[in-house]
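All residue numbers for the sequence shown refer to our numbering, where the first residue is 923 and numbers rise by one. Just so you know, even glycine gets a beta-carbon here, dropped at the ideal spot from N, CA and C. Below is one structure; the comments refer to it alone.
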Amino acid sequence: MSDDLDALIRSLFALPESIAGEPVTGLPAPAEVREQLRSRYDFARPVPLEQAAMDVAGMLRRWSTHVTHPRYFGNFNPSVAVSGIVAETMVAAFNPQLAVWSHAPAAVEIEEHALAFLMRKLGLDPGAGAAHFASGGSEANHTAVLAALTERYPEYGTRGLAALGARPRLYASAEAHESFEKIAHATGIGREAVRRVATDAGGRLSVPALAEAVAADRAAGWEPCIVVATAGSTAVGAVDPLPALADLCARERLWLHADAAWGGSCVMSPRLRPILAGIERADSVTWDAHKWLSVPMGAGMFFAARRRPVAEAFRTRTGYMPESPEGTVDPYVASLQWSRRFIGLKVFLLLAEEGEEALARRIEHQAAMGDLLRTRLAERGWRIENDTPLPLVCFTWPGWKGSAGRALAAAANVVGRGRAWISAVLRPDGARWLRACITSFRTTPEDVAILLDEVDRER
Ligand SMILES: *Cc1c(COP(=O)(O)O)cnc(C)c1O
């Protein structure tokens, strides 16, 4: 390898640390980026790898919102542990094919080993259930709906919903992730089948409202089928009441899916585990390692309490895929993907390097930084708008008197100065709240202090 390439790769491994000294975001005009690409890459004339790679690294540095920055207080995009960069490099070099066990025995078993550990943390039984890595939470949610429909309607996969005359209904709170709209479209239940249920003032799905909706739908010819419990909603960090939802689902014979894409990582900490009490009663769970577990994207994880509907949903047979030994499962007949990269190595290496106790401390540190931010904001007179034990704080300045424009402008000004990244989240009533989430395990009290200074300038 040339010295230049060697130096570049060293700088990439140092990036998780060095990025803290740079602006959080760089937002160029589209024409500026396109002009650089047009002028340097016509793909007729080859560019030496060192040169192209260094050029791209420079573009990424200047023209990215650096989600790994300790003052990126944005959506659930984490800093990455160095183990994740090591893992992704190894995956690219070996390029194992995880369609069948027999092509990638080490890789498939490494994934299953890590998933069984995490599944037990959720309180689900790896011996009875199924688990696999996915591209992200969206794919995992899609898988949950497929599995639920397959269990409820054994002929869904062969004859299709229309032939069965079924009108299954999916319930999710008004705060639930929008991926379910796309999933309803893709699975054939249709977007109208997604019934958004009212929440309480804290953004948590209202169980009485759900019970009413289920009864009304049954009377109107719908077939209540799936309830999505969001454990850590994207906008406000709400955790739906899992035990009460599990009771209702058991009574009404509905599939309970816990979308814990971000919040799922609480199960790693004995102190935070009670926030997710009841998740062990879910029929399926979505949990993204690329959110609070701080591995690079994408590393979605899907867990199901029972193996059967998952195996049925993805069953197929080919004449060209090599056979695997007894007692193994080929990933291509157990999940949506076919040719699949070794997603789980970064999770395995993280668990191996850290160990569960250090990881629990890391999760708790982020929760503590969220508590610190919330406390300090309140002390300075900001109004805290959301109600969650998770490290996500929504806030407004009382003097803004509900002006959505003030919050939008404040977020834009903070982002524009480049020292921190926050957003102004739109609420169903048209209000805007400043939103700051602790997404980096490298965020320190000093970083929180800088954010406080930045937002105080906008009061
Ligand atoms: C992020 C998120 C998703 C979507 O997951 P991706 O990994 O982005 O596909 C779904 N639900 C919730 C609650 C999320 O936070």
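Asked	Found
Beta-bridge partners of residue 1164, as assigned by DSSP	In DSSP, residue 1164 forms no bridge with anything.
Residue from 1320, 1367 and 1340 whose Cα sits closest to the Cα of residue 1355	1320
Environment of residue 1063 [buried if 16+ CB atoms lie within 10 Å]	buried
At least 3 beta-carbon pairs within less than 8 Å: the segment 1285-1293 vs the segment 1256-1276	no
Distance CB(residue 1151)-CB(residue 1164) smaller than 7 Å	yes
Those residues which DSSP pairs with residue 1207 across a bridge	1180 and 1225
Beta-carbon gap between residue 1212 and residue 1223 smaller than 7 Å	no
Assumed close pair residue 1341, residue 1376 - CB separation to whole angstroms, cut-off 8 Å	6 Å
Straight-line Cα distance separating residue 1113 from residue 1103	6 Å
Residue 1365 classed as buried or exposed, judged by whether at least 16 other C-beta atoms fall within 10 angstroms	buried
Residues of its chain near residue 927, where Cβ-Cβ distance is below 8 Å and the 5 sequence neighbours each way are ignored	971, 972 and 975
Rounded C-alpha distance that separates residue 964 from residue 1180	48 Å
CB-CB length for residue 1192 against residue 1282, believed under 8 Å	7 Å
Touch test, the segment 1227-1240 against the segment 1000-1017, Cβ-Cβ under 8 Å, three pairs minimum	no
Touching by the beta-carbon criterion (3+ pairs, under 8 Å), the segment 1239-1253 and the segment 1019-1033	yes
Coarse secondary structure for residue 995, derived from DSSP in three states	coil
Cβ-based burial, residue 968 [other Cβ within 10 Å; buried from 16]	exposed
Spatial neighbours of residue 1317 in its chain, beta-carbon cut-off 7 Å, leaving aside the 5 residues before and after	1299, 1304, 1305, 1306, 1307, 1355 and 1356
Where the alpha helix (DSSP H) containing residue 1044 begins and where it ends	1027-1044
Reduced DSSP secondary structure (H/G/I, E/B, other) of residue 1153	strand
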